[in-house]
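Below is one structure, written out as structure tokens, with a few remarks after it.
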Amino acid sequence: MKRTNYAGRTSEAQIGQEVVLKGWVAKRRNLGGLIFIDLRDREGIVQLVFNEEDDRVAFEVANECRNEYIIEVRGLVRARAQANPELATGKIEVEVKEANILARSKTPAFEIKDDVEAAEDLRLKYRYLDLRRPQMMKNMKLRSKVAAIVHSYYDSHDFMDVETPNLTRSTPEGARDFLVPSRLYDGHFYALPQSPQLFKQLLMAAGVDRYYQMARCFRDEDLRGDRQPEFTQIDTEMSFATAEEIQEMTEGLIKQVMKEALGVDVPTPFPRLDWQEAMDRFGSDKPDTRFGMEIHDLSDLVKDSSFKVFSGTVAAGNYVRAIAVPGGADHYSRKDITKKEEYIKRYGAKGLAWVKVTADGYNGPIAKFLTDLADPINERLGAKEGDLILFVADTFHVVCDALGYLREAIAKEMDLIAPNQWNYLWVVNWPMFEYDEGFGKWIAAHHPFTMLKEEDLHYLEEGEDPHQAHAQSYDIILNGNEIGGGSIRIHDPKVQEKVLKALGYSKEEANARFGFLLRGLENGMPPEGGLAFGFDRWVMLLAGADNIRDVIPFPKNSKGIEPMTAAPGTVDPEQLEELHLTVATEAPADED
């Protein structure tokens, strides 16, 4: 039989027509002389009807079927006596005249349905079953649709799709590399690319002018719900373009994806926030603007307060900032607030001060210290009776991190975020350098190849503090999630040398690590810039999924293991001998 259409696309327009459908048995109901089967394929479900009196042979095939058997049927489309509004095909059914079983199935490890109660590792071990679930297949279709729009959009704007290597040289880009030992050269390693950053810059030196790629990237870093060790990046680069032109091009892509994939019109241009403003107002460089509860600085109001924690913090050159939680006075008990206080200590906060706003003034542990300041504090915060005010007094980054977390956590807990909002915005004017506590040194806030703002180039000179410089860099944010980032690149080799020096690289180390790029800069590199999207994270948000693994066909779990194939696994001793390596002989997970 030659299939005429997908089961899930069978429609009222086909009533009276013969169709041939193929797919999986999603459900089977035997009513004696009638058997009903829900036939599932990637496009959805349609009901099949087998009547013993009309066709006994087809009826016997249906009687033999079980869930997840694969069958093919031939039959007539007819209107259902009683429509099922929950199905796209709910107004029709197929009266089957011929049927064959194409493949049989064991009882699946879990029921193939949405909201299935099965452990994630079990679903990942049988990922091919998991992907049959309607929501998962919907996610895969959305992923495919967005990818198709990306290709179409950039092709229509004169971008060239160019592949870059997956076996390259290890270069520091902010995360650990995955290393691949070379069989031919003992003690030498390839690295899997964290991004195509250096290669796409060299493509500009080659004259490609406009480049894009759906690039595979690899980073050996700690995992979380929106992060995977291997991921896909929508990578772009443009010669002779300003930051504003790159942002405009990116907004055009987003607008087209939102319209064609979701049917949503998003207004452009997107709002732009300076990095400093984003941190001051939202405590985050990826601010969620779908709700208020913004952070306000109270340092000037409390600098002479009798509450020494506040006045002492300001005297030390640090900050006292707060948020007003609408309706929080009744929602949060003292015990709840104590739990929040314990949590924010991971950000370095020493404590969490609070008061509740009542008709008689402030109530809470520090209320007596703020009696005379209640009116100006309430006015600045927009606080009113019934609100809870949370204060953090500490250094800039501690205050931002702690209040930024509290703001977002409380908004979710109190359901302050209205649904169906798509708040895109740009965060611009980033610091060029940031101090990384983990590495114990200054690193590039974006990457070492980012161009400084022209007026800040003097900070690279001897005797100046380069850490005061700002970069021509920008991040694109959606609903509090960074989905992409980019910058104008350095095209002057002298500037690049000074930036690497500011990051602690000697001339010899810079040549050893980046010699191929530095040579490219010396051989006619055009002014250029670009941007990279986290494709998986973006699709996760568009799909309304809670975890990036729900939009990746075969992801790793939270421990970096792929349960279906039990990767990473052991290899044959002969392979190790060829590489002159000795490694562990046990896998980190059960390979059953």
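Each residue of the sequence shown is one higher than the one before, starting from 844 at the first, in the working numbering.
Cβ coordinates follow ideal geometry from the N, Cα and C atoms, glycine included.
Here the structure is a predicted model, which means the values were calculated and not measured.
How many angstroms separate the CA atom of glutamate 1352 from the CA atom of glutamate 1340? Numbered from 1 along the sequence shown, position 509 holds the residue referred to as residue 1352. Numbered from 1 along the sequence shown, position 497 holds the residue referred to as residue 1340. Answer to the nearest angstrom: the Cα atoms are 11 Å apart.
Find out if the Cβ-Cβ distance for the pair leucine 1321, tryptophan 1269 is shorter than 8 Å. The residue given as residue 1321 occupies position 478 in the sequence shown. The residue given as residue 1269 occupies position 426 in the sequence shown. Going by C-beta atoms, leucine 1321 is not nearer than 8 Å to tryptophan 1269.
Using the rule of at least 16 other Cβ atoms within 10 Å of the residue's Cβ for burial, across every protein chain shown, is serine 1127 buried or exposed? What you label residue 1127 is simply residue 284 of the sequence shown in a count that begins at 1. Result: buried.
Along the beta strand (DSSP E) that carries proline 1416, what are the first and last residues, could you check? In the sequence shown, residue 1416 corresponds to position 573, counting from 1. The continuous stretches of beta strand (DSSP E) do not include proline 1416, which lies in the alpha helix (DSSP H) extending over residues 1416-1422.
Can you list, in chain order, the residues of its chain with a C-beta nearer than 6 Å to that of alanine 1210? Leave out the 5 residues immediately preceding and following it. Mapped onto the sequence shown, residue 1210 falls at position 367. Taken in chain order, the residues that qualify are Val1198.
Alanine 1236 - partner residues in DSSP beta bridges: For the purposes of this step, residue 1236 is taken as the residue at position 393 of the sequence shown. Per DSSP, Val1163.
Straight-line gap, glutamate 1087 to glutamate 1094 (C-alpha atoms, nearest Å): Residue numbering aside, residue 1087 sits at position 244 when the sequence shown is read from its first letter. Residue numbering aside, residue 1094 sits at position 251 when the sequence shown is read from its first letter. Rounded to the nearest angstrom, the two C-alpha atoms are 10 Å apart.
Proximal residues to asparagine 1009 (C-beta, below 7 Å), its chain only, five neighbours per side dropped: Numbered from its first residue, the sequence shown carries residue 1009 at position 166. Result list for asparagine 1009: Leu1035, Pro1036 and Arg1059, in chain order.
Which residues in the same chain as aspartate 1244 place their Cβ atom closer than 6 Å to its Cβ, once the five residues preceding and following it in sequence are excluded? Within the sequence shown, numbered from 1, the residue matching residue 1244 stands at position 401. Excluding five sequence positions before and after aspartate 1244, the CB atoms of its chain that fall closer than 6 Å to its own CB belong to Tyr1190, given in chain order.
Do you know whose CA, among Thr1079, Met983, Ala946 and Gly1281, lies nearest valine 868's CA? In the sequence shown, residue 868 corresponds to position 25, counting from 1. Per the Cα distances, Ala946.
Is the beta carbon of glycine 1327 closer than 8 Å to that of alanine 1388? Taking the sequence shown and counting its residues from 1, the one referred to as residue 1388 is at position 545. Taking the sequence shown and counting its residues from 1, the one referred to as residue 1327 is at position 484. Cβ atoms of alanine 1388 and glycine 1327: not closer than 8 Å.
Can you look up methionine 1081 in the DSSP assignment and give me helix, strand or coil? What you label residue 1081 is simply residue 238 of the sequence shown in a count that begins at 1. Three-state result, methionine 1081: strand.
Leaving out the 5 sequence neighbours to the left and right, which residues in its chain are closer than 6 Å to glutamate 1405 when beta-carbon positions are compared? Translated into positions along the sequence shown, residue 1405 becomes position 562. Correct list, in chain order: Lys1399.
Beta-carbon proximity of methionine 1081 to glycine 1373, cut-off 8 Å: In the sequence shown, the residue the question calls residue 1081 occupies position 238. In the sequence shown, the residue the question calls residue 1373 occupies position 530. The answer is yes: Cβ separation under 8 Å.
Could you please give the first and the last residue of the uninterrupted alpha helix (DSSP H) stretch that includes lysine 1402? Position 559 of the sequence shown, counting from 1, holds the residue named residue 1402. Premise fails: lysine 1402 is in no alpha helix (DSSP H) and is neither H nor E.
Extract the residue ranges of the beta strand (DSSP E) inside the segment 1092-1119, only unbroken runs of 3 or more that lie entirely within it. 1115-1117
In terms of residues, what are the limits of the beta strand (DSSP E) holding aspartate 1029? For this step, residue 1029 is matched to residue 186 along the sequence shown. From DSSP, aspartate 1029 is part of no beta strand (DSSP E); its letter is neither H nor E.
Three-way DSSP call (helix, strand, coil) for arginine 1362 in this model: Taking the sequence shown and counting its residues from 1, one reaches residue 1362 at position 519. Correct three-state label for arginine 1362: helix.
Looking at the structure shown, is proline 1439 part of a helix, part of a strand, or coil, going by DSSP? Residue 1439 lies beyond the stretch modelled for the chain, which goes from 844 to 1435, so this question has no answer here.
How many Å lie between proline 1369 and leucine 1259 at the Cα? As a first step, residue 1369 is located in the sequence shown; it is residue number 526 there, counting from the start. As a first step, residue 1259 is located in the sequence shown; it is residue number 416 there, counting from the start. Approximately 47 Å, taken between the alpha carbons.
Range covered by the alpha helix (DSSP H) that runs through valine 989: Within the sequence shown, the letter at position 146 stands for residue 989. Counted as a single uninterrupted DSSP element, the alpha helix (DSSP H) harbouring valine 989 occupies residues 977-999.
Using DSSP with H/G/I as helix, E/B as strand and the rest coil, what is serine 854? Here residue 854 corresponds to residue number 11 of the sequence shown, with the count starting at 1. Residue state, collapsed to three classes: coil.
Output yes or no for whether 8 Å exceeds the beta carbon distance between alanine 1202 and glutamate 1228. Position 359 of the sequence shown holds residue 1202. Position 385 of the sequence shown holds residue 1228. Taking 8 Å as the Cβ cut-off, alanine 1202 and glutamate 1228 qualify as a contacting pair.
Output yes or no for whether 8 Å exceeds the beta carbon distance between phenylalanine 1074 and glycine 1403. Reading the sequence shown from its first residue, position 231 is the one you call residue 1074. Reading the sequence shown from its first residue, position 560 is the one you call residue 1403. Taking 8 Å as the Cβ cut-off, phenylalanine 1074 and glycine 1403 do not qualify as a contacting pair.
Going along the chain, which unbroken runs of the alpha helix (DSSP H) with 4 or more residues stay wholly within the segment 1170-1203? 1171-1174 and 1177-1187
Under the rule that 16 or more other beta-carbon atoms within 10 Å means buried, what is valine 1107, buried or exposed? For the purposes of this step, residue 1107 is taken as the residue at position 264 of the sequence shown. Result: exposed.
List the residues that DSSP assigns as beta-bridge partners of asparagine 894. Stepping through the sequence shown from its first residue, residue 894 is reached at position 51. Beta-bridge pairing links asparagine 894 to Leu877.
Count the other CB atoms, across all protein chains shown, that sit within 10 Å of the CB of arginine 846; report buried if there are 16 or more and exposed otherwise. The residue you call residue 846 lines up with position 3 of the sequence shown. Arginine 846 comes out exposed.
Identify the residues that DSSP records as bridge partners of threonine 1011: which are they? As a first step, residue 1011 must be located in the sequence shown, where it is residue number 168. BP columns for threonine 1011 point to Ala1034.
Boundaries of the beta strand (DSSP E) in which phenylalanine 1376 is found, first to last residue: One-based indexing of the sequence shown puts residue 1376 at position 533. Unbroken beta strand (DSSP E) run through phenylalanine 1376: 1371-1377.
Check the DSSP bridge columns for methionine 844 and list the partner residues they point to. If you number the sequence shown from 1, residue 844 lands on position 1. Paired residue(s): none; methionine 844 is not in a bridge.
Does DSSP put valine 863 in a helix, a strand or coil? Indexing the sequence shown from 1 puts residue 863 at position 20. Residue state, collapsed to three classes: strand.
Report the option in Glu1365, Lys1284 and Leu1384 whose CA atom is closest to the CA atom of leucine 1346. Sequence index remark: in the sequence shown, residue 1346 carries index 503 (1-based). With distances taken between Cα atoms, leucine 1346 lies closest to Lys1284.
Opposite threonine 1293 in the DSSP bridges: which residues? Start at 1 with the first residue of the sequence shown, and residue 1293 comes out as number 450. Threonine 1293 is bridged to Arg1332.
With 16 other Cβ atoms within 10 Å as the buried cut-off, status of methionine 1225: For this step, residue 1225 is matched to residue 382 along the sequence shown. It should be pointed out that residue 1225 corresponds to glycine in this sequence rather than to methionine. The residue in question, glycine 1225, is exposed, as its Cβ has fewer than 16 Cβ neighbours within 10 Å.
Asparagine 848 to glutamate 861 span [Cα, whole Å]: Taking the sequence shown and counting its residues from 1, the one referred to as residue 848 is at position 5. Taking the sequence shown and counting its residues from 1, the one referred to as residue 861 is at position 18. If I take the Cα positions, the gap works out to 11 Å.
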